[in-house]
Amino acid sequence: LQAGNAIFNKNGDVYGDIWGTGSGPGWLSAYIAGRPLRQYITMVGVYQNDKTKPFMLHDDGSGVFLATTDMLSGYVQSIRFGAVEHGNLYRSPGFADQLGYVITGVENGDSNDTPDRIQRRLLQLKVNGQWYTVGT
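For the record, in the sequence shown the residue sitting at position 88 is 114 according to this note's numbering, with numbers rising by one throughout.
See below:
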């Protein structure tokens, strides 16, 4: 099967420009066979003696800078909903818009065109070990 410049072989192999190894197009199987099965860490250290810049080097010569605890402290660690709150909709004001709440359910107990009840919960994020309500 041929699609544009790509060839799909009946054995599942694929030939195309993206699988070339520098000398034009090639087969996916050859591309994978030429890759290392695994990168091994050959060195771990800190860049220019700066403990805020830890790194590791791999056996293929590539290097990776690692994130420090300080770098990660401002990221979201978890998300959760607060306790559910119920409100009536039919012949009732329902809920006014309030920061931090998301609608998590709408009930129509009698299957007519008008929903009867609604549920909402606070959306909370955990950042640096502390829980915060979104929007507040």
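Virtual Cβ for every residue (Gly too), placed ideally from N, Cα, C. Note that the structure is predicted; figures quoted are calculated from it, not measured.
Could you check which residue in 81, 116, 67 and 120 has the C-alpha nearest to that of residue 135?
Within the sequence shown, numbered from 1, the residue matching residue 135 stands at position 109. Of 81, 116, 67 and 120, the smallest CA-CA separation from residue 135 is found for 116.
Of the listed residues 71, 144 and 157, nearest to residue 118 (C-alpha basis)
Start at 1 with the first residue of the sequence shown, and residue 118 comes out as number 92. Checking every option, the nearest Cα to that of residue 118 belongs to 144.
Are residue 152 and residue 103 closer than 8 Å when you measure CB to CB?
For the purposes of this step, residue 152 is taken as residue 126 along the sequence shown, with counting starting at 1. For the purposes of this step, residue 103 is taken as residue 77 along the sequence shown, with counting starting at 1. Yes, these two residues count as a Cβ contact at 8 Å.
Residue 105 to residue 56 span [Cα, whole Å]
As a first step, residue 105 is located in the sequence shown; it is residue number 79 there, counting from the start. As a first step, residue 56 is located in the sequence shown; it is residue number 30 there, counting from the start. Those two C-alpha atoms are separated by around 43 Å.
Residue span of the beta strand (DSSP E) that contains residue 67, given as start and end:
Residue 67 sits at position 41 when you count from the first residue of the sequence shown. From DSSP, the beta strand (DSSP E) with residue 67 extends over 67-72.
Does residue 61 pass the burial test, meaning 16 or more other C-beta atoms within 10 Å, or should it be called exposed?
Locating residue 61 in the sequence shown gives position 35, where the first residue counts as 1. Classification for residue 61: exposed.
Assuming contact is defined by CB atoms lying nearer than 8 Å, are residue 95 and residue 80 in contact in what I supplied?
Stepping through the sequence shown from its first residue, residue 95 is reached at position 69. Stepping through the sequence shown from its first residue, residue 80 is reached at position 54. Contact: no.
For the beta strand (DSSP E) containing residue 11, list its first residue and its last residue.
Nothing in the structure corresponds to residue 11, since the chain is present only between 27 and 162.
Boundaries of the alpha helix (DSSP H) in which residue 95 is found, first to last residue:
The residue you call residue 95 lines up with position 69 of the sequence shown. Per DSSP, residue 95 belongs to the alpha helix (DSSP H) from 95-98.
Proximity of residue 126 and residue 148 at Cβ, strictly below 8 Å:
The sequence position of residue 126 within the sequence shown is 100, counting from 1. The sequence position of residue 148 within the sequence shown is 122, counting from 1. In contact: residue 126 and residue 148 (Cβ atoms closer than 8 Å).
CB contact flag (residue 150, residue 140, <8 Å):
By 1-based counting over the sequence shown, the position of residue 150 is 124. By 1-based counting over the sequence shown, the position of residue 140 is 114. No, they are not a contact pair.
Could you give the residue range of the alpha helix (DSSP H) that holds residue 173?
The structure shown does not extend to residue 173, since the chain spans only 27 to 162, so no value can be given for it.
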